Each structure stands twice: as structure tokens, then as C-alpha cells.
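Read in order, the letters of the sequence shown correspond to residues 3 to 303 in this note's numbering.
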Amino acid sequence: MEIVHYPVMHREVLENLPIPEGDTLLVDCTTGEGGHTSLFLNAYPSLTVTGIDRDSEIQKKAIERLSGFGGRFRPVNAWFDDALKEMPSNSADAILFDLGISMFHFVESDRGFSFRSDEPLDMRLDPGQGMSAADVVNGYSEENLADVIYRYGEERYSRRIAHAIVQEREKAPIESSETLASIIRSAVPKDYRYGRIHPATRTFQALRIEVNSELDRITPALENAIRVLKKGGRIAVITFHSLEDRKVKWFFKDEAARDNARIRILTKKPIIPSAEEEEENPPSRSAKLRVVEKIQEGPEN
């Protein structure tokens, strides 16, 4: 099933991330299928975009989609925190983060991000490296598993779920998303099984974050984004759950409150999608957009 990622809050992102005239550079730290990048390349004919993504499979889709822009799109296959670390100071006019994973991962990747079909329990954005979700589920102690589910999923029944997982894996390894979702559903109270969200949602989020070290990448990436950004440029960050948003919010607040602060916050409250977009693009409902501007260089520049 071929699905093109719908760029979340595309109007708001374009409006709040203006690009100067002339030969300019946007760093799209989470290119995905190229939705936001395509919008900017169309809007600014002299713009070049460095597009970062760790997932080589989805990056191939972006390269194909953006092939008409020629050398104005420069793909980089890396984690965004690693890629930003290697970029020169004061080199970018704007930087965009669209955190989380794309619809491609839920619908097409066949890596167990979704519990709505039976897929291998992988969840790695870079399938060739590191531990998979199956490694976590079958290898972590019950206590560590419960801690991950609670910390990264904010799941109130984390202990019950971890206990059920450990009991079931003693019978046979848990290797598919459908099997794990069924175990989780059976572990939680009956009135929790049929709530607004699927009872496995928070646990799957937690495993994905653990496998890809998602939250650990945010602070070093933002630190280097400020360094890489030119004075007067902006950083825009879209988040999709409270853990990401708190991390971004407090990083920006702390940076803006420092003596000789390098940035100022432009969004006192995060921008959220319009009611129209939420209706047309339901995954956007939890999105929040925060924007800062670089007002001066720091000592590391």
C-alpha cells in the first residue's frame, strides 16, 4: 500500500520558517518522504535543502520524489544528531525537525511499528544496526521492561504488562507485533481494553523510543542546531507526544534564559494544527510546533 507522507502543519511551518532571499540552505533533519522539503523547494527557487534521515528505505522514496529539483536536494543518511555535529557553524539559514516517525513506518515498513497487522517485531529506523524491539521484549528483565514502558510510554499498567510479557516469553519468544499486542490487551483491565486508544499504543511507543534512542538524540541535536544556524535564522520543531514536547520546550526555555542567550523563543505557546487539518489529516492532532530565532553567536561559533 503506497502512501505519501502528508506534511504536518505545512502552512504554519512555511509561515514560521521564512527563508532569506538569495542562495540559502535549509536543513531538514527528518526528511521522511520529503513532504516539507518539497514545499520549501517549490516556495524558494534559490534554496538548497540538506535532508537528513537514518532510514535508507524511506530516504529512497524522498530522493525519487524530489528528483526534479536536481542538486538542490542533498540527502544525508544519518541520525540527525550525528549529522548536525559534523556541520560547520553558521552555515544554515533555517533548520526543521519533524520528530517521531512517518506514516510510511506504520503502513509500509513491515517492521512492527503497528499492531494493526502482523509484522516482525523490529521497530528499528536503521534495521542493520542495534537491538530490535524483539530483543528488548525477550531480553530485558521484568523490572527493566516495566521501567521502559512507564518512562517512555507513560503507561499506568507498565508493571502488569511487563509481567505478562515475561510469562509469555517463557513459553515461546515474542517475535511479532500482533502477538505482543494480544499479550498487552490480555494484561490490562477490561475497561482499559476498549478505551479511546488501543491498549498497546503506549507500550509500542515506549519500545520504539528505546530501540532508536529517540529522546536521547533531541538535546545534542538542538545544541548543534543552534551552532549551525546563522544569526537571524530560525529553528522549527514539530513534536507528537508529551515526552518530546517537554524535552524541546525546556531546552529552549533554558537556552533563552541564559546570560548572553543565543536564541529567543517566538512561540510562547506551541502552534497546533487547525481544526480543518485535524479533520483532513488525523495523525496531526497531537502535533505541536515550537519556533526559536538565533539572536547572537555563542563562544563555540
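Note that the Cβ used here is the ideal one computed from N, Cα and C, for glycine as well.
Computed from a predicted model, the values in this text were never measured in an experiment.
DSSP three-state assignment for residue i, whether helix, strand or coil
i, result
"V51", "strand"
"E4", "Because the pLDDT of E4 is 40, which lies under 50, any placement of that residue in the model is unreliable, and the number read from its coordinates should be weighed accordingly. Residue state, collapsed to three classes: coil."
"P284", "helix"
"K290", "strand"
Rounded Cβ spacing between residue i and residue j (contact assumed at less than 8 Å)
i, j, result
"E299", "G234", "With 8 Å as the limit, E299 and G234 do not qualify as a contact, their Cβ atoms being about 11 Å apart."
"V139", "R118", "Actually they are not in contact, since the Cβ atoms of V139 and R118 sit about 18 Å apart, beyond 8 Å."
"W242", "L101", "Correcting the residue identity first, residue 242 is Phe in this sequence and not Trp. So it is a contact: roughly 6 Å between Cβ atoms."
"L245", "I237", "Actually they are not in contact, since the Cβ atoms of L245 and I237 sit about 19 Å apart, beyond 8 Å."
"N44", "L291", "In fact, because the Cβ distance is near 20 Å, the residues do not count as touching under 8 Å."
"L49", "T26", "5 Å"
Burial state of residue i (16 or more Cβ within 10 Å)
i, result
"I220", "buried"
"S286", "buried"
"Y196", "exposed"
"S134", "buried"
"A136", "buried"
"E279", "buried"
"G34", "buried"
Own chain partners of residue i with C-beta closer than 7 Å, once the 5 adjacent residues on each side are dropped
i, result
"I211", "Y154 and L217"
"E144", "A164, H165 and V168"
"R266", "A258, V294, E295 and I297"
"S69", "none"
Beta-carbon contacts of residue i that lie in its chain and below 8 Å, excluding the five residues immediately before and after
i, result
"V190", "Y159, R162, I163 and P201"
Opening and closing residue of the alpha helix (DSSP H) in which residue i lies
i, result
"D30", "Element bounds for D30: not the alpha helix (DSSP H) but the beta strand (DSSP E), T26 to D30."
"P222", "E216 to V230"
"D137", "A135 to G141"
"N18", "H12 to N18"
"V190", "It is not in any alpha helix (DSSP H) - V190 carries neither H nor E in the DSSP assignment."
"F254", "S244 to A259"
"I151", "E144 to G155"
"I267", "Where I267 is concerned, there is no enclosing alpha helix (DSSP H), although the beta strand (DSSP E) it sits in stretches over I265 to I267."
"R162", "S160 to R171"
Other residues of its chain near residue i: CB distance less than 6 Å, five sequence neighbours each side excluded
i, result
"P122", "G114"
"P222", "D83"
"V213", "M125, R126 and A135"
Start-to-end residues for the beta strand (DSSP E) that takes in residue i
i, result
"L86", "First-last for L86: F82 to K87, but that is the alpha helix (DSSP H), not the beta strand (DSSP E)."
"D100", "A94 to D100"
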